[in-house]
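**Q**
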Amino acid sequence: MAEPILKVENLKKYFPLKRGLLDSLRGKPGKFVHAVDGVNFEIYKQQVFALVGESGCGKSTTGRLIVKLLEPTDGRIYLEGQDVTTITTKEEVLAYRRKVQMIFQDPFASLNPRFRIFDVLEEPLLIHGIGETRAEREELIYRALEMVKVTPPEDYISRFPHMLSGGQRQRVAIARALILNPEFIVADEPVSMLDVSIRAEILELMKELKEKMGVTYLYITHDMSTARYFADWMAVMYLGRIVEIGPAKRLIDNPLHPYTRALLAAVPEPKPERRNIIKELPIKGEVPSAVDIPSGCRFHPRCIYAQKGLCDVKQPQLIEYEHNHWAECHLVGKY
Amino acid sequence: MRWVDLKDSLKSFWSSYRRQKAGMLGLILLLLLIFVAIAAPWLTSPNVPKVWQVGNPLAPRNAPPTWINAFSHYKQSPHEVISLSNYFVGENKSMGYTIYKFKIQYPFKYDYPPKDIVFTGLNSTAQNPTEAPTMSMIIERPHEPGVKTEEMRIFSDVQIPAGAVIQVASLPAAKASVLVWLAENGVYKLNIPPGVPPDMISYLIMQNQTLFGYMSSMDIMWVIFQRIVDEKGHLYPLHDVLFHQTPRALEGTYTLYVTIKAPSNVKVDYSNAKLIMVGRTYGFMGTDQMGRDIWADLVWGVRVSLYIGLAVAITSVLVGVLYGVTSAYLGGWADEALQRFNEFMASMPIFPILILLGMYFGGHITINLLIGLLVLFGWMGTAKVARSMALQIKEQTYIEAAKALGASTWRVVFRHIVPQLLPYAFASIAISVPGAILSEAGLSFLGLGDPTAVTWGQMLNAAQQNNATLNGYWWQVLPPGLAIALVGFVFVLIGVSLDTVLNPKLKRS
Amino acid sequence: MTKNVLEVKNLKMYYFTTKGVVKAVDDLTFNLKKGEVMGLAGESGCGKSSLGFTLMGMPTPPGKIVEGSIKIEGREIVGLPDDVLRKEIRWEKISMIFQGAMNALNPVYTVGYQMTEPLIYHKGMGEEEALDRAQRYLELVGLDPEIVYRYPHELSGGMKQRVVIAMALLMEPSVVIADEPTTALDVIVQAQIINLMKRLKKELGLSMIFITHDLSILAEISDRIAIMYAGKIVEIGDSEKVYYEPAHPYTQKLLAAIPRLHEDVDRLEFIPGQPPNLIEPPKGCRFHPRCPYVMQVCKEQEPELKEVDKDHYAACWLL
Ligand SMILES: Nc1ncnc2c1ncn2[C@@H]1O[C@H](COP(=O)(O)OP(=O)(O)O)[C@@H](O)[C@H]1O
Ligand SMILES: Nc1ncnc2c1ncn2[C@@H]1O[C@H](COP(=O)(O)OP(=O)(O)O)[C@@H](O)[C@H]1O
Ligand code: SF4
Ligand code: SF4
Ligand SMILES: [Mg+2]
Ligand SMILES: [Mg+2]
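Chains as they are written, first to last, in the working numbering: chain E, 1 to 335; chain Y, 336 to 844; chain S, 845 to 1163.
1. Consult DSSP for S/MET1139 and reduce its assignment to one of helix, strand or coil.
2. Could you name the residues of chain E that S/THR1109 contacts, counting a contact when the two beta carbons are closer than 8 angstroms?
3. Should the stretch 630-646 of chain Y be regarded as contacting the stretch 377-395 of chain Y, the criterion being three or more beta carbon pairs within less than 8 angstroms?
4. Give the residues of chain E in contact with S/SER888, contact being defined as C-beta atoms less than 7 angstroms apart.
5. With distances taken from CA atoms, which of S/LYS1085, S/ILE1065, S/LYS853 is nearest S/LYS1045?
6. Can you look up S/TYR1087 in the DSSP assignment and give me helix, strand or coil?
7. Check each candidate in S/ALA1091, S/GLY1075, S/ARG1068 and name the one with the smallest Cα separation from S/SER1083.
8. Can you give the Cα-Cα distance for E/GLU280 and E/LYS28, rounded to whole angstroms?
9. Taking 9 angstroms as the threshold (C-beta atoms), are S/HIS1132 and E/VAL196 in contact?
10. Just checking: is the beta-carbon of Y/GLU735 within a distance shorter than 9 angstroms of some beta-carbon in chain E?
11. Should E/ASN112 be flagged as near chain Y, meaning a C-beta pair shorter than 9 angstroms?
12. Output the boundary residues of the beta strand (DSSP E) element that contains E/ARG241.
13. Using a Cβ-Cβ distance under 9 angstroms, would Y/SER743 count as near chain E?
14. Would you say the beta carbon of E/VAL39 is closer than 8 angstroms to some non-hydrogen atom of ligand 4?
15. Give the straight-line distance between the Cα atoms of Y/GLU775 and Y/LEU367, rounded to the nearest whole angstrom.
16. Report whether the distance from the Cβ of E/MET234 to the nearest heavy atom of ligand 1 is below 8 angstroms.
17. Does DSSP put S/ARG934 in a helix, in a strand, or in coil?
18. If you follow the alpha helix (DSSP H) that E/TRP233 is in, where does it begin and where does it stop?
19. Quick one: using the 10 Å Cβ neighbour count with 16 as the cut-off for buried, is Y/SER844 buried or exposed?
20. Tell me, to the nearest whole angstrom, how far the beta carbon of E/LEU263 is from that of S/VAL928; I am working on the premise that it is less than 8 angstroms.
21. What would DSSP say about E/PHE108, mapped onto helix, strand or coil?
22. Can you pull the chain E residues whose beta carbon is under 9 angstroms from the beta carbon of Y/LYS346, in chain order?
23. With DSSP collapsed to three states, give me the class of E/GLU26.
24. Closer than 8 angstroms to a non-hydrogen atom of ligand 5 - does that hold for the CB of E/ILE220?
25. Fully enclosed by the stretch 920-991 of chain S, which beta strand (DSSP E) runs are 3 residues long or longer?
26. Can you give me the Cβ contacts of S/THR1095 inside the same chain, cut-off strictly under 8 angstroms, excluding the 5 residues immediately before and after it?
27. Buried or exposed: where does S/ASN950 fall if 16 or more other Cβ atoms within 10 Å of its Cβ makes it buried?
28. Do the stretch 619-632 of chain Y and the stretch 416-434 of chain Y touch if we need at least three Cβ pairs shorter than 8 angstroms?
29. Mind pulling the alpha helix (DSSP H) runs of 4 or more residues that sit fully within the stretch 164-208 of chain E?
30. Does the Cβ of Y/LYS840 have 16 or more other Cβ atoms within 10 Å, making it buried, or fewer, making it exposed?
31. Note down, in chain order, each residue of its chain lying with its Cβ closer than 6 angstroms to the Cβ of E/TYR156, except the 5 sequence neighbours on either side.
32. Determine the closest residue to E/GLY296 out of E/PRO282, E/ASP312, E/VAL287, E/LYS68, with distance taken between C-alpha atoms.
33. Let me know if Y/SER606 comes out buried or exposed under the rule of 16 or more other beta-carbons within 10 Å of its beta-carbon.
34. Between which two residues does the alpha helix (DSSP H) containing Y/VAL589 stretch?
35. For Y/PHE696, which beta-bridge partners are listed by DSSP?
36. In angstroms with no decimal places, state the Cα-to-Cα distance between S/HIS1092 and S/TYR953.
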């Protein structure tokens, strides 16, 4: 396989917790939300890498770190071999933003309600000085809208976001990211706010654009089914760490980590004949806070296979158990 | 925002604002106020600000408005200014002099006579006092049964240097003439040796101890405009005529004959000459203790009050919005510091401080300094709201999206955040205008404002110094007070409607 | 033959807005049997929540019931005065788990207070009895009864959703309407809540209308399924039949749009276009602008629900 386009090394992001004045005066050590706590992965060109996990596990934070909306506490991010955590000058950051773009979860919130569609799409062009004249920019905007199938463009450019349906809004958001011709797109739950009937359409569109424009996606989701459909690779996150990573289909068909198994077991199955059977969920309790991370394997308080004296003291390492299929568990294959 | 968008949003704003009845009323009233403010010099006179400082000696002091006559049993004569040039009846030349004649009809139908008859505004080319024009005045009273001579000589050949003012009520010669007239009509006996020229008669009267005593305290205007004969045909006694007890005005048309005499080589310009019947009531709103026209001051007050109100409101809202947005955008320590400073300013007892500052500036703050001070203490509320709104907007995904696109801070603040605050800013400008006007009025009332500015606060201050409330000079207190209330009302109407229409959905945290 | 606890006939509920009349619930007829879970699915905006509120006898203003009948255990509730509805019907006979209710819990009161307040003030129950009952139901939904003394912000999303479910059950209603009870929840919590619902159905013999826009969740729990499109039921029937032999093109498309966890599909199906405006819905079959099989008759005449199989109805001219 070729060189990865994006590579993340030991990425960490800790958010300081607000503490009272009294505590700071007493010199109590500050506490942190360990949102991302040592994450490694590589993404290859024109592939889709899915990052799945429950809410609060650090998926969005990882995405934001990659698009440089946040600065990491530690770790490195390389785009085409270049370390992007060290770039600081305005020009370099702007050049980076042209290459790496983001699509957000909520199409109702990601477009300024006071901007017409034209303004929404013109903004990236203005920021990056693309298109000398308004006519040139209009041309680019029309092309972008056609690409995301919001047609005919002239019917839409002077509308405000609230005059579009949810699906159309998300298409406009995609067009806004694509108009800069980026190489890499972080799509943070791009379909989870949409109706099931529309999800497929947006995913199809993103797939098509991947082929046409050669973009690479980091697809963030909590939905294993769309991840299987859309992604080539998949990583499962739990409390700020990747606990399992591998080819999407393989990972779903043969999960190695107990947490992945629980996630998969929880996915609703459209099998009405089994409706009266209460499903076994191989997991207990609830997600602990990301402030006080459990010792050893961070999943051990919820793991039904946890071994005393091992799992609660020793942190497991990410190990390749099958070709390209890694998991972070002491007991893979032994439970 | 492009022009078409602006036009569109204004259009849609207008179509919803129109439906606000209160808002429309407020808007109409505001337009009216603005019209009055602009047209003040034409509606009143351009020298109102000058008169404000020096007062008007030719107008009655503390005179109530004329329309109170409609509500009172006894009618008091109103203030009237008669332009002499309208009553020119001819000139003739004799013995090297030119004589200009004027005849004025003065219909008098009141119970109280004017306070005075004042002559003013005559210009001439006279170089030295000997050339100065002289003036005579004769009043022909309406017929009164039992009175022999209706013609009453008031004074003759009084010299009038350029720009001089003749006040009949305090002119000794006039008093003497009137006493002579009373003697002629038999009100009292005066021993006049036959053949004494009229000028000498006055002289004789001044020699008379009793009459001279009367002269200093008599009110000549009463003598001119009252009956001297009672219903039974008896003359009133002299003391009663001079020091009347009850009004018994002689109604009818009085004819004033004014002649001006000047050497023929001296040019006389009477185009500005005026005869002023100094009233006991004055105009539409009366006068204050300096003879200033309350109506004119009130109209000019619209100008200054609106200017102060709008300047303070716009500037402090602008400052507040920028402060709040900056604070929210910077976040962290800077935000913390800016907020603490805001709270510090907000916790200052504004009015006491303004009073101290007013005293420090010796009660002579200029309008602009005052505006500056009011802004200094007026931005904190807006800043707080603007900050919390900006904080909310800042957390919106579209701001994050703009940053991901590479938008600069400038762009995020001025393209994404500030435009969302504009509706709130407009509404809060409207709502904070009355506060600013009230603050100015309060300071001025306490004598700490700009005494040279014609403002409602200064008018109230003048009334206060005049003990207007104790003296019952309600016309000095009510108009400025009500005007302040009206402007407050207008802006509250507008502000509340703006708030409803623009309804910033993301308001407060 | 089990008894019907709920019988709905020709129900119409329209919103009389300034822009026009929104026909959100337009001529619906269906029954719910005792102990049965009926799933109600459809794209957002098709009128699912509106139907829920209408069944509770409280359409949101400017909505009004225009026509039709709702019988709960044989008693007609359309036309009942509001105080009767409040005292005798709502919560006692029919209750609802509102969409997003878990986030609408009042942060300043304890869970116990919020649960017992309606019992004490509206039903005249004693304080202790009410608290006792609240604790019993909290236990039933798998929570520690001591939670009555906690505040909503101290609870996780799943716990709050359980509290809301317990609140709906407090008065032992004959019918429970659950409006998107799992939508904002994570997969594992969602699965736990569905398990809880299944358990309640079994243990209490609960009759329930389960509303969602996600057909795969419906399959987890529903005995019968009704598919709504633009204010109308276009298909209704036994859930296995609707799932495996969907009769209506809309149902077929909806099912094909669900990505399957363990199946490989090359292309997901989707329904082009968007649901119609309910002020002026398309003439004839409301689905015709998006239907791949549209015929001339579809554009002109509205299809009626037809029995395609035993207890399986669909409204389409193809049938
Ligand atoms: N800006 C922030 N400040 C403080 N904590 C944050 C911030 N953003 C995210 N977090 C915390 O970090 C953790 C991970 O959040 P996030 O990356 O959004 O998770 P996900 O996208 O997987 O739901 C959560 O506990 C969240 O509360
Ligand atoms: N209070 C209301 N006033 C006017 N229209 C409403 C109101 N509530 C819902 N609607 C409209 O009724 C239709 C159905 O809404 P709803 O029942 O909430 O759909 P669902 O729950 O299926 O998403 C939508 O078109 C919606 O816009
Ligand atoms: S390491 Fe132990 S606790 Fe962690 S997942 Fe594996 S078995 Fe469970
Ligand atoms: S009636 Fe016609 S348009 Fe409607 S679903 Fe059937 S085939 Fe399609
Ligand atoms: Mg997220
Ligand atoms: Mg709904």
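Cβ atoms here follow ideal geometry from the backbone N, Cα and C, with glycine treated the same way.
Only a predicted model underlies this, so the values are computations on that prediction, with no experimental measurement involved.
**A** Reading off the structure:
1. Position 295 of the third sequence, counted from the start, is the residue given in the question as residue 1139 of chain S. It is coil, neither helix nor strand.
2. As a working note, residue 1109 of chain S is residue 265 in the third sequence. A quick correction: the sequence has Val, not Thr, at residue 1109 of chain S. Under the 8 angstroms cutoff, chain E gives TYR229.
3. yes
4. Looking up residue 888 of chain S in the third sequence gives position 44. Near S/SER888 (Cβ distances below 7 angstroms), the residues of chain E are ASP195.
5. The residue you call residue 1045 of chain S lines up with position 201 of the third sequence. Closest by alpha carbon: S/ILE1065.
6. Within the third sequence, the letter at position 243 stands for residue 1087 of chain S. If DSSP states are grouped into helix, strand and coil, S/TYR1087 belongs with the helices.
7. In the third sequence, the residue the question calls residue 1083 of chain S occupies position 239. S/SER1083 has its Cα closest to that of S/ARG1068, out of S/ALA1091, S/GLY1075, S/ARG1068.
8. Sequence index remark: in the first sequence, residue 280 of chain E carries index 280 (1-based). Sequence index remark: in the first sequence, residue 28 of chain E carries index 28 (1-based). Each residue's Cα considered, the two are about 44 angstroms apart.
9. The residue given as residue 196 of chain E occupies position 196 in the first sequence. The residue given as residue 1132 of chain S occupies position 288 in the third sequence. It is not a contact, given that the beta carbons lie outside the stated cut-off.
10. The sequence position of residue 735 of chain Y within the second sequence is 400, counting from 1. Chain E contact via Cβ: present.
11. Reading the first sequence from its first residue, position 112 is the one you call residue 112 of chain E. E/ASN112 counts as touching chain Y.
12. Looking up residue 241 of chain E in the first sequence gives position 241. Residues 241-247.
13. Here residue 743 of chain Y corresponds to residue number 408 of the second sequence, with the count starting at 1. Y/SER743 counts as touching chain E.
14. Here residue 39 of chain E corresponds to residue number 39 of the first sequence, with the count starting at 1. Incorrect: E/VAL39 has no Cβ contact closer than 8 angstroms to ligand 4.
15. As a position in the second sequence, residue 775 of chain Y is number 440, starting the count at 1. As a position in the second sequence, residue 367 of chain Y is number 32, starting the count at 1. Between Y/GLU775 and Y/LEU367, the C-alpha separation is close to 22 angstroms.
16. Along the first sequence, read from residue 1 onward, the residue named residue 234 of chain E stands at position 234. Incorrect: E/MET234 has no Cβ contact closer than 8 angstroms to ligand 1.
17. Position 90 of the third sequence, counted from the first residue, corresponds to residue 934 of chain S. Of the three classes helix, strand and coil, the one that applies to S/ARG934 here is strand, per DSSP.
18. Locating residue 233 of chain E in the first sequence gives position 233, counting from the first residue. It is not in any alpha helix (DSSP H) - E/TRP233 instead sits in the beta strand (DSSP E) that spans 233-238.
19. Within the second sequence, residue 844 of chain Y is the residue found at index 509, counting from 1. With a pLDDT of only 31 at Y/SER844, under 50, the local geometry of the prediction cannot be trusted, and no value is derived from it.
20. Against the first sequence, residue 263 of chain E aligns to sequence position 263. Against the third sequence, residue 928 of chain S aligns to sequence position 84. About 48 angstroms separates the two Cβ atoms, so there is no contact after all.
21. Sequence index remark: in the first sequence, residue 108 of chain E carries index 108 (1-based). Coil, per DSSP.
22. As a working note, residue 346 of chain Y is residue 11 in the second sequence. Neighbours of Y/LYS346 on chain E: none; closest Cβ ~14 angstroms, over 9 angstroms.
23. The count along the first sequence starts at 1 and reaches residue 26 of chain E at position 26. For clarity, residue 26 of chain E is Arg in the given sequence; the question names Glu instead. Three-state result, E/ARG26: coil.
24. By one-based count along the first sequence, residue 220 of chain E stands at place 220. Under cutoff, so the answer is yes.
25. 938-941
26. Reading the third sequence from its first residue, position 251 is the one you call residue 1095 of chain S. ILE1071, VAL1078, GLU1079, VAL1086, ALA1158.
27. Start at 1 with the first residue of the third sequence, and residue 950 of chain S comes out as number 106. The residue is exposed, with fewer than 16 neighbouring Cβ atoms inside 10 Å.
28. no
29. 166-178
30. As a working note, residue 840 of chain Y is residue 505 in the second sequence. Low local confidence applies: a pLDDT of 46 at Y/LYS840 is under 50, so the model's placement there is unreliable, with the coordinate-based value given in what follows. Classification for Y/LYS840: exposed.
31. Within the first sequence, residue 156 of chain E is the residue found at index 156, counting from 1. These residues qualify, in order along the chain: ILE117, VAL150.
32. Position 296 of the first sequence, counted from the first residue, corresponds to residue 296 of chain E. Minimum Cα distance to E/GLY296 is reached at E/ASP312.
33. Taking the first residue of the second sequence as 1, we reach residue 606 of chain Y at position 271. So Y/SER606 counts as exposed.
34. Here residue 589 of chain Y is taken as the residue at index 254 of the second sequence, counted from 1. It is worth fixing the name first, because residue 589 of chain Y is Tyr in this sequence and not Val. Element bounds for Y/TYR589: not the alpha helix (DSSP H) but the beta strand (DSSP E), 587-598.
35. In the second sequence, counting from the first residue as 1, residue 696 of chain Y sits at position 361. Answer is none; Y/PHE696 lacks a bridge partner.
36. Locating residue 1092 of chain S in the third sequence gives position 248, counting from the first residue. Locating residue 953 of chain S in the third sequence gives position 109, counting from the first residue. Distance between the alpha carbons of S/HIS1092 and S/TYR953 is about 48 angstroms.
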